[in-house]
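Protein chains in written order, with the numbering used here: chain A, 33 to 142; chain B, 2 to 116.
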């Protein structure tokens, strides 16, 4: 069964607003990663958070991880039209095998 | 461009033909992963290879699919006797080590269409 499940499935916001996406998973993990995918392209790695970390920042991105609830969130602050993409969380529970959720489609309107 | 290179970007095959997808990892990377993505879905793991070795093929269909990563040259994902259900985007990723907590770097994928 799928490990990561993103919520919401789709999100539409105005430029300058913040976007929050959530991810839940089912089993123990070594790390959780967030990726972005623009239409017709491959995945771009955004951020990796280890199981012993609770929060991580990278530029306008903030990721939290709650292992007790088996959930993570990705916050994009001050969104731009260029942030329009699909966002996926992926968990790694051993053996370097990433398990992806179905993704959140983010649309940022200018 | 030192990124992960996949070719072809688009591949059209008729049912029953063979499809060969190629992946050159990032320079210095010796660990390669193949994933498959169906429309509107996330990626599904297929196989993990290191040079000349298959480390984990738990996501590979039992028949018609095979993968290799020879000592020289790109990694190859081979699908024999393709069927309509094989239509998907196939992505390759690479990492520099086999250690956990390393990001995987993805190519732009091969979009396979079966007529």
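Built from N, CA and C at the ideal position, the CB exists for glycine as well. Being a predicted model, the structure only gives us computed values, none of them experimental.
Outcome for residue i when other beta-carbon atoms lying within 10 angstroms are tallied against a minimum of 16
i	result
residue 100 of chain B	exposed
residue 33 of chain A	Any reading at residue 33 of chain A needs caution, since the residue's pLDDT is 39, under 50, leaving its predicted position unreliable; the model's value is listed next. It is exposed - the Cβ of residue 33 of chain A has fewer than 16 other Cβ atoms within 10 Å.
residue 124 of chain A	buried
residue 40 of chain B	exposed
residue 72 of chain A	exposed
residue 113 of chain B	buried
residue 7 of chain B	buried
residue 71 of chain B	exposed
residue 68 of chain A	buried
residue 111 of chain B	buried
Local conformation of residue i per DSSP, three classes
i	result
residue 20 of chain B	strand
residue 33 of chain A	No answer about residue 33 of chain A holds up, because its pLDDT of 39 lies below 50 and its placement is not dependable.
residue 109 of chain B	coil
residue 85 of chain B	helix
residue 10 of chain B	coil
residue 113 of chain A	helix
Paired residues, beta bridge with residue i - DSSP
i	result
residue 66 of chain A	A:79 and A:121
residue 96 of chain B	B:32
residue 96 of chain A	A:87 and A:105
residue 51 of chain A	A:108
residue 1 of chain B	Limits of chain B in this structure are 2 at one end and 116 at the other, which puts residue 1 of chain B out of reach.
Anticipated Cβ contact below 8 Å, residue i with residue j, distance rounded
i	j	result
residue 82 of chain A	residue 102 of chain B	6 Å
residue 10 of chain B	residue 87 of chain B	Residue 10 of chain B to residue 87 of chain B, Cβ: 17 Å. No contact.
residue 60 of chain A	residue 37 of chain A	Contact doesn't hold; Cβ gap of about 16 Å is too wide.
residue 53 of chain A	residue 64 of chain A	In fact, because the Cβ distance is near 12 Å, the residues do not count as touching under 8 Å.
residue 96 of chain A	residue 90 of chain A	Actually they do not touch by this definition, with Cβ atoms about 13 Å apart.
Are there three or more Cβ pairs, one per stretch, closer than 8 Å when the segment 47-63 of chain B is compared with the segment 132-139 of chain A? The segment 47-63 of chain B is not in contact with the segment 132-139 of chain A.
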